[in-house]
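Right, one structure below, let's go through it.
In this note's numbering, the protein residues as written are 117 to 329.
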């Protein structure tokens with residue numbers, strides 16, 4: 117049977133963001149913050165999640181600078197890594213979840229493989245953009261490492277999804293980011309995930325390229 121639907125990718129995207137702007141409360145946000153929030157809304161199809169997004173004061177500025185300088189992008193999961201738009205980066209994002217060292221470290225320490233993978237970030241952390249979209253334990257471990265003196269990334273995009281530890285890890289990030297001297301973007305509550313966290317990074321990459329909606 118015939119179906120009626122739009123097949124023009126440019127028209128689809130333009131109309132999507134026109135509706136997102138009309139339906140989403142963007143009051144009080146900078147131009148860059150609006151782009152991030154709209155991309156998050158686009159990734160989940162829910163304008164109401166805009167109220168849950170939090171930005172530290174210099175989050176976008178530091179993220180934009182780090183990305184423009186081609187600093188490392190560290191991802192907690194392969195799905196997050198694959199969600200970063202490749203045409204907008206020069207160096208592939210890093211994810212150590214499937215590194216052969218990760219399961220050995222996890223078993224020895226009695227912890228999740230995601231936590232062990234974060235330990236392998238150490239030499240790449242300084243000035244990096246961290247994108248966590250799946251594992252609350254990865255976000256908790258990163259905060260512990262920074263508290264104990266690990267190098268600080270330029271920006272933490274902390275948006276793990278789920279029911280066990282997800283909301284708590286993001287609240288912890290928001291509660292301690294000032295004390296730790298780190299910039300962050302997070303989505304409070306249980307919602308989050310690979311698409312949301314990657315969309316946040318992609319929004320910043322688009323800003324650097326002058327692609328605005």
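Virtual Cβ for every residue (Gly too), placed ideally from N, Cα, C.
Using a Cβ-Cβ cutoff of less than 8 Å, which residues in the same chain neighbour residue i once the five nearest sequence positions on both sides are dropped?
{"i": "residue 325", "result": "204"}
{"i": "residue 222", "result": "228, 229, 231, 232"}
{"i": "residue 287", "result": "304"}
How should residue i be labelled, buried or exposed, when 16 other C-beta atoms within 10 angstroms of its C-beta is the threshold for buried?
{"i": "residue 242", "result": "exposed"}
{"i": "residue 135", "result": "exposed"}
{"i": "residue 308", "result": "buried"}
{"i": "residue 269", "result": "buried"}
{"i": "residue 127", "result": "exposed"}
{"i": "residue 150", "result": "buried"}
{"i": "residue 156", "result": "buried"}
{"i": "residue 225", "result": "exposed"}
For residue i, collect the residues of the same chain with a Cβ closer than 6 Å to its Cβ; drop the 5 residues on either side in sequence, then sort them by chain order.
{"i": "residue 137", "result": "none"}
{"i": "residue 299", "result": "172, 174, 175, 178, 271"}
{"i": "residue 314", "result": "196, 199, 200"}
{"i": "residue 167", "result": "none"}
{"i": "residue 139", "result": "163"}
{"i": "residue 253", "result": "228, 230, 231"}
{"i": "residue 152", "result": "316, 319"}
{"i": "residue 248", "result": "192, 254, 255, 274, 276"}
What is the C-beta distance between residue i and residue j, in whole angstroms, given that I count them as a contact (C-beta under 8 Å)?
{"i": "residue 276", "j": "residue 250", "result": "6 Å"}
{"i": "residue 159", "j": "residue 192", "result": "Residue 159 to residue 192, Cβ: 17 Å. No contact."}
{"i": "residue 212", "j": "residue 236", "result": "4 Å"}
{"i": "residue 310", "j": "residue 196", "result": "5 Å"}
{"i": "residue 329", "j": "residue 154", "result": "6 Å"}
{"i": "residue 183", "j": "residue 321", "result": "6 Å"}
{"i": "residue 273", "j": "residue 317", "result": "6 Å"}
{"i": "residue 296", "j": "residue 262", "result": "5 Å"}
{"i": "residue 170", "j": "residue 302", "result": "5 Å"}
{"i": "residue 258", "j": "residue 292", "result": "Actually they do not touch by this definition, with Cβ atoms about 11 Å apart."}
{"i": "residue 180", "j": "residue 148", "result": "7 Å"}
Going by beta carbon distance, what residues of the same chain come within less than 7 Å of residue i, once the five residues before and after it are set aside?
{"i": "residue 240", "result": "188, 190, 210"}
{"i": "residue 206", "result": "186"}
{"i": "residue 266", "result": "238, 241"}
{"i": "residue 219", "result": "229"}
{"i": "residue 294", "result": "none"}
State yes or no: is the C-beta of residue i nearer than 8 Å to some heavy atom of the ligand NAP?
{"i": "residue 213", "result": "What this structure holds is no ligand at all, so the ligand NAP is not there to describe."}
Could you tell me which residues DSSP pairs with residue i in its beta bridges?
{"i": "residue 170", "result": "302"}
{"i": "residue 210", "result": "190"}
Segments of 4+ residues assigned as alpha helix (DSSP H) that fall wholly inside the stretch 238-322
For the stretch 238-322, whole alpha helix (DSSP H) runs of length 4 or above, ordered along the chain, are 252-263, 282-296.
For the stretch 175-208, list the beta strand (DSSP E) runs that are entirely contained and at least 3 residues long, ordered along the chain.
Those beta strand (DSSP E) runs which fall completely within the stretch 175-208 and span 3+ residues are 189-191.
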